[in-house]
Amino acid sequence: MRREKWKAVAVCLALALFGAGVASCGDDDDGGGGGQAEGGGEKVKTAIVLPCGTSDPWCKQGYDAAKALEKQGAVDLEITTNAPQDTAGVTRVLAQYAQAGTQLLLAHSTWQDAAFDVAKQFPDVNIASYAFELRDNVAILEEPIYQAAYLAGMLAGGLTESNTIGGSAGQDVPLCHAELEAFEAGAKRTNKQVKMIDTYIGDWNDAAKGKQATEAQIDQGADVVIACGGGPANGMAQAIKEANISGFGYVGDMSSQAPKNLVGSVMYHLEPYFEAAVNDVKNDSFRPAKRYDFGLADGGVSLQLNDDYSVKEIPADVMDQMEQVQQQIKSGEFEVPYEAGA
Amino acid sequence: MDWSEVFGPDALVVLLSTSVAFAMPTALAAVGETVAERAGVLNLGLEGMLLSGALASFLVAYYVGSVALGTLAGVAIGVGLGALMAFLSVTLKTEQIINGIAIVLVAQGITIFAFEKLFGGGDQPTVAGIPDIDVPLLHSIPGVGPVLFEQNALFYVSVAVALGVCLLLFRTRFGLSVSAVGESPAAAEAMAVSVARTRWLALLVCGGMAGLGGAVLVLGQLNVFEEDVSGGRGWIAIALVIFGRWNPLFVLGGAFLFGFTDALQIRVQAVSGGIASTVPTEIFGALPYAVTLIVMVAATVWAGRDAQPAALGVPFRKEVSA
Amino acid sequence: MSVSQATARIIAPPQLSRRLRSLLASAGAVLLSLVVGGLLIVIAGGDPVDAYRALLDGALGTPYGIGQMLVLAIPLIIIGLGLALAFRGRVYNIGAEGQLFMGALASGVVAILLPAGFGPLLIGAAIVAGVLVGAGWGAIVGVLRARWGVNEVITSLLLNFVAILIFTYIVRRPLRAPGSPDLQGRAIQPEAALPALPDLAVHIGLFLALALVPLAAYVMARTPFGFRVRMQGFNAEAAQTAGVRSGRIIIGLMLISGGLAGLAGSLQILGVAERLDPGISQGYGFTAIVVALLGRLNAIGVLLAALLIALLQSGGQAMSVIEGVPYAIVIAIPGVFVVFLLIADRLARGH
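Protein chains in written order, with our numbering: chain A, 1 to 342; chain B, 343 to 664; chain C, 665 to 1015.
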């Protein structure tokens, strides 16, 4: 037993010595993979932290929007993908960026606690996240995806021949609940007899389960489906391709996965969100932090149709009706109902 | 809710067919693990082997264009990781549990990294996948036909492999060596059975089967790869080995039972028209685990004896007599 | 001569004293793992020296950083101690993650629903609730094994999933944070939050964790219970003959390790998240298994191993941010480290 303790001590000593050695030698690099910010000039030092990889549509949207801003020259961008899944881990990552002098942190998930912790510790940093409470330097990003889902539902009502449609989601959380409810409401608007099947698979990442869920719905007669969450969406795409039915993509252009079967995709455009945040930081108008809410009317979400869709002909009158409602939403005449669930 | 839509003859056939298909990757990994554990090595790296096999098969199928080669690549990677596990656990004789967990960590890190590096930022890549095959004549048998004989081509390969391994364990000398080595390595060694060699081979088989499971998952079912596509199947497989009391046939049965309840809960949700508002979806999610647990407890209570290989998890050191 | 024997001879010739050999082997292992880690970093496009400096800097460079590292170490220490004891008795509790979540749930519910009143009382009640429920969840496994011989590895593993689902449900429905678009539970009442140390960003649960170390060492080495546990672990049959009641030991070990896991969950809720948050743990219950094994199932070892793992993870995250090394590689590095440490351990022991 004593030998074990000596070994442990030896390991720690070795590490400590190594640490001291590494710390002292080597040139004074400023570290960091991105470009050098020249003073507090033009570009805003920004970092985006993604909870998944870009194979997940949610993370891809964030990635694309941030990259677009970088291309415009508006930001000096650092990216972290596949961030740790525990709150403490996320806090550490955000804190590291804050410590490195990042001006704007885009925490691309529901990381309110981590954001608050870091915001308190580093009062100079500005954070935007999917929170539900504001702080002086923590802004809220909204995700009004349900608005576009309503329009998708209207088309679904016109497309379905079996009068059965389906929606699968990772968890029954307000984001997805509202999306599926809006899909159903939209469908009922163009087709009073439509019946909706909701399945919550309990996992955001399991494409195999997502595929099973969609297949189960297809067996029950569903012929138009939608999804909420990366796993369910990817699984759904495979299922509709195999069964040759219609579906709608989730928060990004998923048409490459099932070109003939995707009527369109519910798009979540993060550019207006990120741009607004970046500009606020640049103009010193970030605080007190605000709620960034760009819905259908403001170009934050949209329903993007897929030209290659070929399973069925979308009835012209349904299409017209959908476009009409779209105009009404944009002009403020019509407000899509938001049902968050119990 | 109309239960005939879940358990009625037509629905049941579909349900069984789906369960069987989706249980296959887990079943392969579980049977492979059975081989390893019967030889006395607790291989916790299964999840990593499954995941790596999935990625390797996807990459080869994507870049080379051949799903057959992709499948082989998956198996090869699995075998390679099995060799690594053998080197660490059998040759160097370090702690098996940690070796396994380390392999999982490294595999997870490298697969995520590689996939991001190759495809990050672009659209989700897909591969053509392996087609389904309807076995002539047999698939027309009512009931059993559609369940067993209208499956993906890789499914038939998997079944052959799984049954082959069962034969291996029960009817060959190698199988006997495996059992001997797992129960009493000293006695085996005394009878000129090389413990090290047997365990090495067992781990190679285990790794290869896990890799094949990964290939089946990606090429036979999903046609895409995502980070963490294995979704914990490796861990369930390890649990299934215990559930099946280290008998590969029971292990296969357990894998199917688990897959069945998993498919069932999804189907019930669909048929009920989404009663998520009344019955919490978590209850559905818990169903497979609860069922497996209950069956396991019932089976153990009824069967009595402990079937665990006596030398499981203990590195074998040849005694050098003075 | 086997491979390991040959390598051992090269690195640590038998002529040297045992202790020196041990030191050399350990240092060699650290070096080797740094090299392999460095290789991974190079493949990922980073500079190893800078990366390691960032790792140490991030974990230890600032008081906030040290605090963050300690926050991670606390649950690893607490759960690791429990598992070390259990594993010594050959009770393989793989369900610490589930026991953590059940304890966290109980603590959270108490901290949310009980009338605020006297601060420390509320905290005490919440912690006790967490320990009891965690212990109870573990006891299920213990009883199944003690009474009917049901293998504890699988029962504890499966119960993990059930526990997390229960937790998820409570967070999603009855105790959801109002206004939250996703899975976030209600915040605990402010009186129930654990105070933090002034400069370091760590809650006072740290002292509890540190105090448990000598306590665990004492229990393991000097109490009759500890003795019986070790006997049982070493040779169950002999222990039985000697009158050790294995059933009681098994249930006792599950109660203790489950209770400690529940305590860890409780501290996560009261000190870290301060709400019912599904993100209070990402596999800590499993990492603690590695910690217990790496620490050679003794108390000091667990403490050091927990600190090491916490250092690697915490610093690794910093490294990924500063050096741009993909976080995926950071996941792999502790694994590499641990394996080489074990190899060194093996080589140092010699044959």
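For every residue, glycine included, the Cβ atom is placed at its ideal position computed from N, Cα and C.
As the structure is a computational prediction, the values presented were derived from the model and not from experiment.
(message) Using only the alpha-carbon positions, how far apart do B/S361 and A/I201 sit?
(response) When the Cα atoms are used, B/S361 and A/I201 turn out to be separated by approximately 16 Å.
(request) Would you tell me roughly how many angstroms separate the C-alpha atoms of B/S359 and B/V583, rounded to the nearest one? (result) If you draw a straight line from the Cα of B/S359 to the Cα of B/V583, it comes to about 23 Å.
(message) Rounding to the nearest angstrom, what Cα-Cα distance links B/G424 and B/G387 in this structure?
(response) The straight-line gap separating the alpha-carbon atoms of B/G424 and B/G387 is approximately 8 Å.
(message) Can you tell me where the alpha helix (DSSP H) holding C/V908 begins and where it ends?
(response) Per DSSP, C/V908 belongs to no alpha helix (DSSP H) and is neither H nor E.
(request) May I have the straight-line CA-CA distance separating C/L917 from C/I742, to the nearest angstrom? (result) Spanning the two alpha carbons is a distance of roughly 14 Å.
(message) With a threshold of 8 Å between beta carbons, is A/Q171 in contact with chain C?
(response) Yes, contact with chain C.
(message) Below 7 Å on C-beta distance, what does A/Y150 contact in chain C?
(response) What A/Y150 touches in chain C: nothing, since even the nearest Cβ is about 17 Å away.
(message) With a threshold of 8 Å between beta-carbons, can C/R894 be considered close to chain B, or not?
(response) Not a single CB atom of chain B sits nearer than 8 Å to the CB of C/R894.
(request) Starting from A/L175, find everything on chain C with Cβ-Cβ shorter than 8 Å and list it in chain order. (result) Here the neighbours are P845 and D846.
(message) Counting only Cβ pairs nearer than 7 Å, list the residues of chain A close to C/L870.
(response) Around C/L870, no beta-carbon contact reaches into chain A at under 7 Å, the shortest distance being about 14 Å.
(request) Assign C/N1025 to one of three DSSP states: helix, strand, or coil. (result) Missing from the structure shown is residue 1025 of chain C; chain C here goes from 665 to 1015 and no further.
(request) Just grab the DSSP bridge partners of B/I319 for me. (result) Any question about residue 319 of chain B goes unanswered here, given that chain B covers just 343 to 664.
(request) Anything in chain A within Cβ reach of B/L564, meaning under 9 Å, just list it in chain order. (result) Contacts between B/L564 and chain A, judged by CB atoms closer than 9 Å, involve A207, A208, K211, N234, G235 and Q238 in chain order.
(message) Please list, in chain order, the residues of the region 74–99 of chain A that have any C-beta partner in chain C closer than 8 Å.
(response) Correct list: E78, T80, T81, N82, A83, P84, Q85, D86, T87, A88, G89, V90, T91, R92, V93, A95, Q96, Y97 and Q99.
(request) Below 9 Å between beta carbons is the criterion; list the residues of the region 458–469 of chain B that meet it against any residue of chain A, in chain order. (result) Of all residues in the region 458–469 of chain B, E458, F461, G462, G463, G464, D465, Q466, P467 and T468 have a Cβ within less than 9 Å of some Cβ in chain A.
(request) Could you tell me whether the Cβ atoms of B/L384 and B/I439 are closer together than 8 Å? (result) At a Cβ-Cβ threshold of 8 Å, B/L384 and B/I439 count as neighbours.
(message) Measuring straight from C-alpha to C-alpha, what distance separates C/A992 and A/A83?
(response) If I take the Cα positions, the gap works out to 9 Å.
(request) Could you spell out where the alpha helix (DSSP H) holding A/Y146 opens and where it closes? (result) Annotation: the continuous alpha helix (DSSP H) that includes A/Y146 extends over I145 to L159.
(message) Is it buried or exposed, C/S930, if we count other Cβ atoms within 10 angstroms and call 16 or more buried?
(response) That one is buried.
(message) Would you say C/R836 lies against chain A (beta-carbon separation less than 8 Å)?
(response) At least one chain A Cβ lies under 8 Å of C/R836.
(message) Looking at chain B, is there any beta carbon in it that lies within less than 8 Å of the beta carbon of C/Y948?
(response) No, because no Cβ of chain B sits closer than 8 Å to the Cβ of C/Y948.
(request) Starting from B/F429, trace the beta strand (DSSP E) both ways and give me its first and last residue. (result) Unbroken run through B/F429: none, as it is neither H nor E.
(request) Please compile the residues from chain C whose C-beta is within a distance smaller than 7 Å of the C-beta of B/L447. (result) Neighbours of B/L447 on chain C, chain order: I995, A996, P998 and G999.
(request) Starting from the beta carbon of C/V735, find every residue of chain A whose beta carbon is closer than 7 Å, and list them in chain order. (result) In chain order: A88.
(request) List the DSSP bridge partners of C/G939. (result) It should be pointed out that residue 939 of chain C corresponds to Arg in this sequence rather than to Gly. Answer by DSSP bridge pairing, in chain order: C/A851.
(message) Below 8 Å on C-beta distance, what does C/R939 contact in chain A?
(response) Chain A residues near C/R939: D113.
(request) Compare the C-alpha of C/G959 against each of C/V866, C/I920, C/V877 and C/V807 and name the closest. (result) Closest in C-alpha terms to C/G959, from the list C/V866, C/I920, C/V877 and C/V807, comes C/V877.
(message) I want to verify the contact list: residues of chain A whose CB lies under 9 Å from the CB of C/P990, in sequence order.
(response) Correct list: T80, T81 and N82.
(request) Let me know if B/I636 comes out buried or exposed under the rule of 16 or more other beta-carbons within 10 Å of its beta-carbon. (result) With fewer than 16 other Cβ atoms within 10 Å, it is exposed.
(request) Could you run through the region 216–229 of chain A and flag, in chain order, every residue whose CB is less than 7 Å away from some CB of chain B? (result) Residues passing the 7 Å Cβ filter: A216, Q217, D219 and Q220.
(message) Cβ closer than 7 Å: which chain A residues qualify as neighbours of B/R609?
(response) The contacting residues are A216.
(message) Residues in the same chain with beta-carbon distance under 6 Å from B/A369, minus the five sequence neighbours each way, listed in chain order, please.
(response) Excluding positions up to five away in sequence, the list reads L594 and A597.
(message) Looking only at its chain, what residues have a beta carbon closer than 8 Å to the beta carbon of A/A182, apart from the 5 residues adjacent to it on each side?
(response) Excluding positions up to five away in sequence, the list reads Y146, Q147, A149, Y150, G153, V336, P337, Y338 and E339.
(request) Please compile the residues from chain A whose C-beta is within a distance smaller than 8 Å of the C-beta of B/F364. (result) Neighbours of B/F364 across chain A, judged by C-beta separation under 8 Å: A208 and Q212.
(message) Going by C-alpha to C-alpha distance, which of B/F592, B/V537, B/E569 and B/L591 sits closest to A/A208?
(response) Cα-wise, what sits closest to A/A208 is B/E569.
(request) Starting from A/M267, follow its DSSP beta bridges and name the residues at the other end. (result) Bridge partners of A/M267: A/S302.
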